[in-house]
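Engineer: Protein chains in written order, with my numbering: chain A, 1 to 350; chain B, 1001 to 1350; chain C, 2001 to 2350.
Cβ atoms here follow ideal geometry from the backbone N, Cα and C, with glycine treated the same way.
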Amino acid sequence: MSSKTNPGNFFEDFQIGQVLRHATPRTVTTGDVALYTALYGSRFAVQSADSFAKSVGYSSAPVDDLLIFHIIFGKSVPDVSLNAVANLGYAECRFLRPVFPGESLYAISEVIGRKENSNGKTGVVYVRTRGFNQDDAEVLNFVRWVMVRKRDETSPAPEPVVPELAASVPVTALGLAAPLIPTQFWNRHLSGSPHRFDDYGVGEKIDHADGMTVEEAEHQLATRLYQNTAKVHFNQHAESAGRFGRRLIYGGHVMSIARALSFNGLGNAFHIAAINGGRHVAPLFAGGTVYAWSEILEASVLPQRADVGALRIRTRATCDLPCTEFPVADGAPGQPGVILDLDYWALIPI
Amino acid sequence: MSSKTNPGNFFEDFQIGQVLRHATPRTVTTGDVALYTALYGSRFAVQSADSFAKSVGYSSAPVDDLLIFHIIFGKSVPDVSLNAVANLGYAECRFLRPVFPGESLYAISEVIGRKENSNGKTGVVYVRTRGFNQDDAEVLNFVRWVMVRKRDETSPAPEPVVPELAASVPVTALGLAAPLIPTQFWNRHLSGSPHRFDDYGVGEKIDHADGMTVEEAEHQLATRLYQNTAKVHFNQHAESAGRFGRRLIYGGHVMSIARALSFNGLGNAFHIAAINGGRHVAPLFAGGTVYAWSEILEASVLPQRADVGALRIRTRATCDLPCTEFPVADGAPGQPGVILDLDYWALIPI
Amino acid sequence: MSSKTNPGNFFEDFQIGQVLRHATPRTVTTGDVALYTALYGSRFAVQSADSFAKSVGYSSAPVDDLLIFHIIFGKSVPDVSLNAVANLGYAECRFLRPVFPGESLYAISEVIGRKENSNGKTGVVYVRTRGFNQDDAEVLNFVRWVMVRKRDETSPAPEPVVPELAASVPVTALGLAAPLIPTQFWNRHLSGSPHRFDDYGVGEKIDHADGMTVEEAEHQLATRLYQNTAKVHFNQHAESAGRFGRRLIYGGHVMSIARALSFNGLGNAFHIAAINGGRHVAPLFAGGTVYAWSEILEASVLPQRADVGALRIRTRATCDLPCTEFPVADGAPGQPGVILDLDYWALIPI
Chain A
1 MSSKTNPGNF FEDFQIGQVL RHATPRTVTT GDVALYTALY GSRFAVQSAD SFAKSVGYSS
61 APVDDLLIFH IIFGKSVPDV SLNAVANLGY AECRFLRPVF PGESLYAISE VIGRKENSNG
121 KTGVVYVRTR GFNQDDAEVL NFVRWVMVRK RDETSPAPEP VVPELAASVP VTALGLAAPL
181 IPTQFWNRHL SGSPHRFDDY GVGEKIDHAD GMTVEEAEHQ LATRLYQNTA KVHFNQHAES
241 AGRFGRRLIY GGHVMSIARA LSFNGLGNAF HIAAINGGRH VAPLFAGGTV YAWSEILEAS
301 VLPQRADVGA LRIRTRATCD LPCTEFPVAD GAPGQPGVIL DLDYWALIPI
Chain B
1001 MSSKTNPGNF FEDFQIGQVL RHATPRTVTT GDVALYTALY GSRFAVQSAD SFAKSVGYSS
1061 APVDDLLIFH IIFGKSVPDV SLNAVANLGY AECRFLRPVF PGESLYAISE VIGRKENSNG
1121 KTGVVYVRTR GFNQDDAEVL NFVRWVMVRK RDETSPAPEP VVPELAASVP VTALGLAAPL
1181 IPTQFWNRHL SGSPHRFDDY GVGEKIDHAD GMTVEEAEHQ LATRLYQNTA KVHFNQHAES
1241 AGRFGRRLIY GGHVMSIARA LSFNGLGNAF HIAAINGGRH VAPLFAGGTV YAWSEILEAS
1301 VLPQRADVGA LRIRTRATCD LPCTEFPVAD GAPGQPGVIL DLDYWALIPI
Chain C
2001 MSSKTNPGNF FEDFQIGQVL RHATPRTVTT GDVALYTALY GSRFAVQSAD SFAKSVGYSS
2061 APVDDLLIFH IIFGKSVPDV SLNAVANLGY AECRFLRPVF PGESLYAISE VIGRKENSNG
2121 KTGVVYVRTR GFNQDDAEVL NFVRWVMVRK RDETSPAPEP VVPELAASVP VTALGLAAPL
2181 IPTQFWNRHL SGSPHRFDDY GVGEKIDHAD GMTVEEAEHQ LATRLYQNTA KVHFNQHAES
2241 AGRFGRRLIY GGHVMSIARA LSFNGLGNAF HIAAINGGRH VAPLFAGGTV YAWSEILEAS
2301 VLPQRADVGA LRIRTRATCD LPCTEFPVAD GAPGQPGVIL DLDYWALIPI
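1. Taking only runs that begin and end inside the stretch 184-224 of chain A, name each unbroken alpha helix (DSSP H) of 4 or more residues, in chain order.
2. Should C/Glu2325 be labelled buried (16 or more other beta-carbon atoms within 10 Å of its own) or exposed?
3. Does the Cβ-Cβ distance between A/Ala282 and A/Trp345 come in under 7 Å?
4. Against chain B, does C/Pro2303 count as a neighbour if the rule is that its beta carbon must be under 7 Å from one of theirs?
5. What residue does the alpha helix (DSSP H) around B/Glu1239 start on, and which one ends it?
6. Measuring CB atoms only, is the stretch 1216-1235 of chain B touching the stretch 208-227 of chain A, in the sense that at least three cross pairs come out at less than 8 Å?
7. With H, G and I counted as helix, E and B as strand and the rest as coil, what does DSSP make of A/Leu67?
8. Mark C/Gln2015 as exposed unless 16 or more other C-beta atoms lie within 10 angstroms of its C-beta, in which case mark it buried.
9. Just mark A/Gly352 as buried or exposed, buried being the case when its beta carbon has 16 or more other beta carbons within 10 Å.
10. For the candidate residues C/Ile2296, C/Gly2089, C/Ala2286, whose alpha-carbon lies nearest to that of C/Phe2244?
11. Please report the Cβ distance between C/Ala2084 and C/Met2147, rounded to the nearest whole angstrom; I am assuming they are in contact, meaning their Cβ atoms lie under 8 Å.
12. Considering only DSSP beta bridges, list what B/Asn1087 is partnered with.
13. Could you please tell me which residues of the stretch 1050-1064 of chain B, in chain order, have their CB closer than 7 Å to any CB of chain C?
14. Tell me where the beta strand (DSSP E) around A/His271 begins and ends.
15. Check whether the Cβ atoms of B/Gly1120 and B/Glu1153 lie closer than 7 Å to each other.
16. Nearest-angstrom Cα distance between B/Leu1096 and C/Val2301?
17. Pull up the DSSP beta-bridge partners for B/Thr1172, would you.
18. Just to check my reading of the structure: A/Phe10 and A/Lys150 have Cβ atoms closer than 8 Å, yes? What is that Cβ distance to the nearest angstrom?
19. Are there three or more Cβ pairs, one per stretch, closer than 8 Å when the stretch 193-213 of chain A is compared with the stretch 257-265 of chain A?
20. So, is the C-beta of C/Arg2043 closer than 7 Å to a C-beta in chain A?
21. Could you check the C-alpha separation between A/Met1 and A/Pro7 for me, to the nearest Å?
22. Name, please, each residue of chain B whose Cβ falls closer than 8 Å to the Cβ of A/Leu35.
23. Would you list, in chain order, the members of the stretch 89-107 of chain A that have their beta-carbon closer than 7 Å to a beta-carbon of chain C?
24. Report yes if the C-beta distance between A/Cys319 and A/Trp293 is below 7 Å; otherwise report no.
25. Starting from the beta carbon of C/Pro2025, find every residue of chain B whose beta carbon is closer than 7 Å, and list them in chain order.
26. Are there 16 or more other CB atoms within 10 angstroms of the CB of B/Phe1044, so buried, or fewer, so exposed?
27. Run down chain C in chain order and give the residues with a C-beta less than 9 Å from the C-beta of B/Gly1211.
28. So if DSSP puts B/Ile1108 in a beta bridge, which residue, or which two residues, is it bridged to?
29. If contact is defined by three or more beta carbon pairs under 8 Å, each pair taking one atom from either stretch, is the stretch 1225-1233 of chain B in contact with the stretch 1176-1184 of chain B?
30. Answer yes or no: do B/Ile1112 and B/Tyr1126 have a C-beta to C-beta separation smaller than 7 Å?
31. Is the stretch 235-243 of chain A touching the stretch 163-171 of chain A in the sense that three or more CB pairs, one from each, lie closer than 8 Å?
32. If distances are taken between C-alpha atoms only, which option among B/Asn1268, B/Val1328, B/Leu1311 comes closest to B/Tyr1291?
33. Could you say which of C/Val2169, C/Ala2038, C/Ser2048 lies nearest to A/Pro25 if we only look at CA atoms?
34. Look at the alpha carbon of C/Ala2222 and the alpha carbon of C/Ala2173, and state the distance between them as a whole number of angstroms.
35. Return yes when the Cβ of A/Ala299 is within less than 7 Å of the Cβ of A/Ile348, no when it is not.
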């Protein structure tokens, strides 16, 4: 390997408190928004139209929350997970400001935990990644943890540090990225749903009904759009000799499909305010068809604002398995079953 | 099915005079334009370059007419054709204003006809769909009719209402979406064709020569870009048990391919002023190669303007069948043959 | 063939000094930029973010150099290479001005050479193609030569004219498209590389490590985005009876993949100032995985500016062959091996 190329960090390279200044700032444009629509077919009115966004208090249509997440996540890959065996989980993900086309984003991560695995070959690294705009205003903040290879299996295990992470983002921390919504102007015909905060009950389950088959070209376009360089998504020549013999689809691609499908049943849940946790419980491969269903875990008013409430939603996405029966069991690679288990807070007009 | 998800309308749900206010307004951007170019490779100079558009009287490059059509059409799908068996035809489609990047579009339909089929299982529904911009100015108006399933086969047949539809849009209704063209500035080198209105004769046939193979990822990207949610286009898992065992390609995708191919022979026919009728005579599947040819049905000057004339063009698109012999017979699913029969008015400098 | 369609030029049609005014001017937008990112995953900071570009002297992020090249190249195809058997080479390609989203480009070529092949069936045509913006300012200038079919094999061979072409663009001609870079503000964390001009040595070889598999949908989207109409890229129905039985991938697609991969090792080489030469030594087909490696051929300061230096880089791209061993032998169709041999000048901060 040339000294000029990035070998990525190995487990031993991560130190508690270490700050990773990620490369490749990125201006988000209406071009990215159009591609995001073409990739997922999302139909939430706030993100789809300036006219609707303005009618409910935004200056113009904000960029889809998950597009921001994927871009910031992608920046962290070369420094955090180039040598990752697995992307284990997310927590405490908060959307702090709306992002509009024309803004330039960059990302910084801090190492907040590390723990060697008992096999001595790998370890788990925890980082808090923060995304900022061109004015250094923070737009996103989340923790993720990944399993990373050790460079040298004989190197001694460091003292384990495992951060305490909130099981869910407190409702007091929600809503910073949404303006006050004049809900009397929320047009249910244009938004595509008559259902508001009070219409959803805790424990309610919603089958999002539709399914979407993923092609290799699609997930590659998506993952490159996010400038995510994880090798497993792009290189069939190498992967054909790998664990599955196939390219793995970026887990965030599944998140965005599930979110887009969830419009059918959650059409007014216009903004992801926080992601409490997420697990990619099985890999998705091209040719698989993604379905999704959701359960309402909590419904909470927000302090100091009466325009919107927060629904805590657990969305499971499946591969090749319709969700009429609300499947919960973890799937297995290449088999019909659950592939994503996502726990998030969405805002919805009261 | 949860009460929160959209089951779509069945035949019994449509009432004459009923107004359907469609969801998901949409801001059209230069991102959409770029994707449209990437999907079809269209080369009409007016839509391709602000510089050319300005030189012939536009304020900037207008959005491709069919992109507007697809977006407005897509909005009507959840309310009109989610339970459609077939999209039977179009008529009286008029483009009323140019649309420029940055405009936000929405759509409303009115039910103008319904007639139960003799099998008692389905019926035909006629709607007039209108597209508007953010200022409520009408940009598009067309009729389409679809075959829709009945919810309950025992429900009584309503009194049939079949609207009278014009065989073609009258020339007096053409041209509202095009500014006056200072034709002395129409640069034939930049437009890519020396042929003007007078160069085309009624009865003239043009083989557009080129062919374009369609991939699954391409038509899925296109159809999602239009936020068209018809299930048959996206879900291989469900379609593998369906009529053809495959995903059906959105018929509008074929229209756009045929229009893009038609540049080779109709390079100065810069604007679709109206669609008189269209039939998708056979389905297209991924892997098929689309060819097209056109016949000039009429050539008409326009009242009150001497800058452009109108060519009434019948374009047939085929699958896996070059058009050197100008094929006319309807194709069959998955067989080489005609798949689209489109009758439209295009404007061209005099 | 109808008299209305473009049959393309045959060898006999090209006259020395002939000027070809190409069709379809094109406004480049942030939509094109987003698609370019989605197609290649390019990560050079100057082109990725307005914020970074401004910090180093640009008014905003310029459009990727190769995107400009592909667009201008594409315009020349209908007049130069529609009947080409092969695209033989490039030379003297200079980027003369940065292009920013919103600019409208057009192209003109001049025939500067022609030489019939000894088989009497084909000949080589040399053209100098120039790209301009909406203000008629020249943005790109390059020579390419193609092998073109004769219309009539019995037509006499013209007197051969073969232009003298520079083996490489002189350093005095480099840098016109880059502003003066205040290198003290060049942020190595954001740019993704600590390596500057002085860190590279002549003869140094860099394996860019990563590989990218190409899908049919991807190269078709790319080539249509460039409005390149060469038939071999799009028509599987015709190509299945052709030389390879498959669609050929536009050679420029490989150039862009190789350039994007080269970020890993050349992250600060932010601008292609010139292309000295390029050969597509073997065709690429969908399903192939592209790797790349580079060798530093020269390192030169630029006259009259001390902010950036120029690296002359020879990049070879391979198909299905990792570049750890720096392969050099020309590949063969469909076999693992070298497919592109590109010689260019890149600017990099001193």
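Structural biologist: Put simply:
1. 188-191
2. By 1-based counting over the third sequence, the position of residue 2325 of chain C is 325. Exposed, by the Cβ-count rule.
3. Taking the first sequence and counting its residues from 1, one reaches residue 282 of chain A at position 282. Taking the first sequence and counting its residues from 1, one reaches residue 345 of chain A at position 345. No. Outside cutoff.
4. The residue you call residue 2303 of chain C lines up with position 303 of the third sequence. Chain B contact via Cβ: absent.
5. Counted from its first residue, the second sequence places residue 1239 of chain B at position 239. 1236-1239 is the span of the alpha helix (DSSP H), which, as asked, contains B/Glu1239.
6. yes
7. The residue you call residue 67 of chain A lines up with position 67 of the first sequence. In the structure shown, A/Leu67 sits in a helix (DSSP, three-state: H, G or I).
8. One-based indexing of the third sequence puts residue 2015 of chain C at position 15. Answer is exposed; the Cβ neighbour count stays below 16.
9. The requested residue 352 of chain A is not part of the displayed model; chain A covers only 1 to 350.
10. Numbered from its first residue, the third sequence carries residue 2244 of chain C at position 244. It is C/Ala2286.
11. The residue labelled residue 2084 of chain C in the question sits at position 84 within the third sequence. The residue labelled residue 2147 of chain C in the question sits at position 147 within the third sequence. Indeed, because the Cβ distance is near 6 Å, the residues count as touching under 8 Å.
12. The residue labelled residue 1087 of chain B in the question sits at position 87 within the second sequence. Note: B/Asn1087 sits in a beta bridge opposite B/Val1146.
13. Asp1050, Ser1051, Phe1052, Ala1061
14. Stepping through the first sequence from its first residue, residue 271 of chain A is reached at position 271. Unbroken beta strand (DSSP E) run through A/His271: 271-280.
15. The residue given as residue 1120 of chain B occupies position 120 in the second sequence. The residue given as residue 1153 of chain B occupies position 153 in the second sequence. Going by C-beta atoms, B/Gly1120 is nearer than 7 Å to B/Glu1153.
16. Taking the first residue of the second sequence as position 1, residue 1096 of chain B is located at position 96. Taking the first residue of the third sequence as position 1, residue 2301 of chain C is located at position 301. Each residue's alpha carbon lies about 58 Å from the other.
17. Indexing the second sequence from 1 puts residue 1172 of chain B at position 172. B/Thr1172 is not bridged to any residue.
18. For the purposes of this step, residue 10 of chain A is taken as the residue at position 10 of the first sequence. For the purposes of this step, residue 150 of chain A is taken as the residue at position 150 of the first sequence. At roughly 6 Å, the Cβ-Cβ gap stays under 8 Å, so A/Phe10 and A/Lys150 are in contact.
19. yes
20. In the third sequence, residue 2043 of chain C corresponds to position 43, counting from 1. Yes, contact with chain A.
21. Reading the first sequence from its first residue, position 1 is the one you call residue 1 of chain A. Reading the first sequence from its first residue, position 7 is the one you call residue 7 of chain A. Low confidence applies here, because A/Met1 scores a pLDDT of 47, under 50, leaving its location unreliable; read the following figure in that light. Each residue's alpha carbon lies about 8 Å from the other.
22. What you label residue 35 of chain A is simply residue 35 of the first sequence in a count that begins at 1. Those within 8 Å of A/Leu35 in chain B are Gly1031, Leu1035.
23. Ser104, Tyr106
24. Walking along the first sequence from the start, residue 319 of chain A turns up at place 319. Walking along the first sequence from the start, residue 293 of chain A turns up at place 293. No, they are not a contact pair.
25. The residue you call residue 2025 of chain C lines up with position 25 of the third sequence. What C/Pro2025 touches in chain B: Ala1045, Ser1048, Ala1049, Ser1051, Phe1052, Leu1190.
26. In the second sequence, counting from the first residue as 1, residue 1044 of chain B sits at position 44. Label assigned to B/Phe1044: buried.
27. Translated into the one-based positions of the second sequence, residue 1211 of chain B becomes position 211. Neighbours of B/Gly1211 on chain C, chain order: Lys2231, Phe2234, Asn2235, Gln2236, His2237, Ala2238.
28. For this step, residue 1108 of chain B is matched to residue 108 along the second sequence. According to DSSP, B/Ile1108 bridges with B/Arg1021, B/Arg1130.
29. no
30. Counting from one through the second sequence, the residue named residue 1112 of chain B turns up at place 112. Counting from one through the second sequence, the residue named residue 1126 of chain B turns up at place 126. Their beta carbons are under 7 Å apart, which means B/Ile1112 touches B/Tyr1126 by this criterion.
31. no
32. Position 291 of the second sequence holds residue 1291 of chain B. Closest option to B/Tyr1291, Cα to Cα, is B/Val1328.
33. As a working note, residue 25 of chain A is residue 25 in the first sequence. Out of C/Val2169, C/Ala2038, C/Ser2048, C/Ser2048 has the C-alpha closest to the C-alpha of A/Pro25.
34. For the purposes of this step, residue 2222 of chain C is identified with residue 222 of the third sequence, where counting begins at 1. For the purposes of this step, residue 2173 of chain C is identified with residue 173 of the third sequence, where counting begins at 1. For C/Ala2222 and C/Ala2173, the distance between alpha carbons rounds to 30 Å.
35. As a first step, residue 348 of chain A must be located in the first sequence, where it is residue number 348. As a first step, residue 299 of chain A must be located in the first sequence, where it is residue number 299. Against a cut-off of 7 Å, the Cβ pair of A/Ala299 and A/Ile348 comes out as no contact.
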